[in-house]
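When we follow the numbering used here, the leftmost residue of the sequence shown carries the number 347, and every step to the right adds one. Each residue gets a CB set at the ideal place from its N, CA and C atoms; glycine is no exception. Beneath this line is the structure, given in structure tokens, with notes to follow.
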Amino acid sequence: DGLIGGSSPESLLDDLEAGPPGANPADYLYVYQEGDDPDAVKAETKEAYNKVGETAHLEGNAKRARAIMTYLGYTEEQIDVAGADAFNYQGVGNPFRHANIQPGDRVMDVGSGLGIDSLIAAHHAGPDGKVIGIDISQKEVDHAQARADDRGLDIRFSVNDMENIPLPDNCLDVIISNGAFCLAPNKEKAFAELYRVLKPGGRIAVCTTTIRSEKLEKSVEFPICMRMFAPMNELEPLCKRVGFVDIVIDDSDSKMTYELPEELLELNPDRNRVHVGGQEFEHLEEYDMDDLCARVCVVAHKPRQDHQNKSSPDQSSSCAF
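And the structure:
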């Protein structure tokens, strides 16, 4: 089920909880201290989302998913494209508000998860376009590929790290991402990779969650998902350093809470979900997550004349999709 929504009102972080701690095989508590090995963070993330992928074939709450996607600004057409797979929506926002995918575009979905945004991207890119999705979870990649194949869609999913994308320079028109950058240990390296593989003039729409202050309180225990959030005021300078232009950090839909009707709260208990609750973090109930965190969409372009690599639109590479 989607990564946002909840009771009245409920933090987006709380909504990831799937019952009492330890009741679900996907109940992982990410408790890393600053300075811990980034590879360990990735390994833990991969393990948790592999558990999610193992039960992705089980039916979820489609009405709940539709309500969440509608709240995030997905159109009826886009939700209909997700169709029977909508209950596997994962994300913190709606990259399509800014992605402006056109027929024929070559698109990459970074942190594609169970593939819902990739399905929608393929719809917009049309038969002359191409969509690839990358994710670090093998089980989620397997599920997404199977569903795309069942639909007869030419989408290719692969297991890859966003900090080391196996594509040539200057080969993509659009890159979308929906939540994956929340857990990227080295965000500048990840954004630099997006910049590298984009064609000159290409664009990104990266939905992620940030912290509003410069740093979290060191004396307070926070789950890894929050420890990995970038401070919102650092995103624009980071993108500038990488080389992006026309940078917008859209925080117009930044709230971390959303009320769902009671009838939409039911979840399939057999479906694995990522859990960040538990007694270790009960102290966070004292915090207003809307004051502490914000959901944003990072929107930017690669210059049409890429001065870093001295490439122009007519020097774009061919991606081996």
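Report the three-state DSSP secondary structure of Asp426 (helix, strand or coil).
helix
Using the Cα positions of Tyr633 and Lys533, report the straight-line distance between them to the nearest angstrom.
26 Å
Indicate the three-state DSSP secondary structure (helix, strand or coil) for Gly461 in the structure shown.
coil
Would you decide whether Gln651 is buried or exposed? Buried here means 16 or more other CB atoms lie within 10 Å of its CB.
exposed
Can you look up Thr555 in the DSSP assignment and give me helix, strand or coil?
strand
Spell out the partners DSSP gives Cys517 in its beta bridges.
Answer by DSSP bridge pairing: none, since Cys517 is not bridged.
What does the alpha-carbon distance come out to for the pair Asp463 and Val566?
35 Å
Skipping 5 residues on each side, what residues in its chain have a beta carbon closer than 6 Å to that of Lys485?
Asn396, Gly399, Glu400
Could you give the first and the last residue of the continuous beta strand (DSSP E) run that contains Cys643?
639 to 647
Please report the straight-line C-alpha distance between Gly439 and Met415, rounded to a whole angstrom.
9 Å
Should Asp481 go down as buried or exposed, given a rule of 16 or more other Cβ atoms within 10 Å for buried?
buried
Could you give the C-beta distance for Thr556 and Met578, rounded to a whole number, given that I count them as a contact under 8 Å?
4 Å
Go ahead and pull the three-state DSSP assignment for Asp383.
coil
Can you tell me which of the three DSSP states Leu375 falls into?
Summary for Leu375: the model assigns pLDDT 30, below 50, so the residue's position carries little reliability; its value from the coordinates is reported in the next sentence. Three-state result, Leu375: coil.
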